[in-house]
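Each residue of the sequence shown is one higher than the one before, starting from 830 at the first, in this note's numbering. Cβ coordinates follow ideal geometry from the N, Cα and C atoms, glycine included. This structure is a prediction, so every number in the text was calculated from the model and none was measured.
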Amino acid sequence: MDFQSKIKILKQYEVECFQVCFYLIGEREAAHKAAEETIVDLFACDSFWKADNVMRSKAIRSAAFRHCTKILKQAV
């Protein structure tokens, strides 16, 4: 899959990703950072690109949880 196709697909999940991060963190700036890190992480993940829409949503939530947890640990 080429770069532009990946960007187009990731844009479809951008809002969902931010919503998950904001729900978990509860603070806009930190949620934005976590969502950005999640999207970058998934861009490089081969299994994300081979998955269907349902599995991609699950991957978004899972990666978002990981990045939110990391940010929350750093805040303590």
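### Task
Scan the segment 839 to 897 and note each continuous alpha helix (DSSP H) run of 4 residues or more that stays entirely inside, going in chain order.
857 to 872, 875 to 879
### Query
Quick one: is residue 885 buried, meaning 16 or more other Cβ sit within 10 Å of its Cβ, or exposed?
In the sequence shown, counting from the first residue as 1, residue 885 sits at position 56. Classification of residue 885: buried, given that the 10 Å Cβ count is 16 or more.
### Message
Let me check understanding here. Comparing Cα to Cα, which of 875, 881, 832, 869 lies closest to residue 896?
### Response
In the sequence shown, residue 896 corresponds to position 67, counting from 1. Considering only alpha carbons, the answer is 869.
### Query
Hey, how far is the Cα of residue 880 from the Cα of residue 904?
Residue mapping note: residue 880 aligns to position 51 of the sequence shown, counting from 1. Residue mapping note: residue 904 aligns to position 75 of the sequence shown, counting from 1. Cα-Cα distance, rounded: 33 Å.
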